[in-house]
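A.B. asks:
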Amino acid sequence: MATIKVKAAPGVDKFPKERDVKNYITGEPVEVESSAYYRRALKEGDLLRVNEVTPPATSGRQAPASKADTAQDKATKKASENE
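In the working numbering, each residue carries its 1-based index in the sequence shown increased by 194.
1) Does the beta-carbon distance from Ser228 to Ala196 come in below 8 Å?
2) In three-state terms, what does DSSP make of Glu212?
3) Report buried or exposed for Val200, applying the criterion of at least 16 other Cβ atoms within 10 angstroms of its Cβ.
4) Less than 8 Å between the CB atoms is what I'm expecting for Ile198 and Lys208, so what's the real figure, rounded?
5) Where do the N-terminal and C-terminal ends of the beta strand (DSSP E) with Glu225 fall, by residue?
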């Protein structure tokens with residue numbers, strides 16, 4: 195079954211886990227099965243879905259320091275193409 199990452203909504207101190215009601219979901223994100231129990235809690239506002247954003251992979255190249263550097267790079271490239 196698919197999983198989703200959730201946390202307790204503001205104002206909900208703790209929300210009981212589906213198969214372990216003595217353990218709770220709090221403000222810390224946890225991964226749970228995408229069951230009717232959790233989907234209903236999301237719909238009712240007891241839980242919030244957490245979408246963690248991962249930074250994009252870098253290609254090893256550094257971004258230009260400024261727009262002036264970019265303009266200079268374009269001018270250099272254009273000059274080398276005209277040669």
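Positions of the beta carbon are idealized from the N, C-alpha and C atoms, including for glycine.
C.D. replies: Short version:
1) Cβ distance < 8 Å, so Ser228 and Ala196 count as in contact.
2) In this structure, Glu212 counts as coil in the three-state DSSP scheme.
3) Around the Cβ of Val200, a 10 Å sphere holds 16 or more other Cβ atoms; the residue is buried.
4) The Cβ separation is near 18 Å, so there is no contact.
5) Run containing Glu225: 224-227, per the beta strand (DSSP E) assignment.
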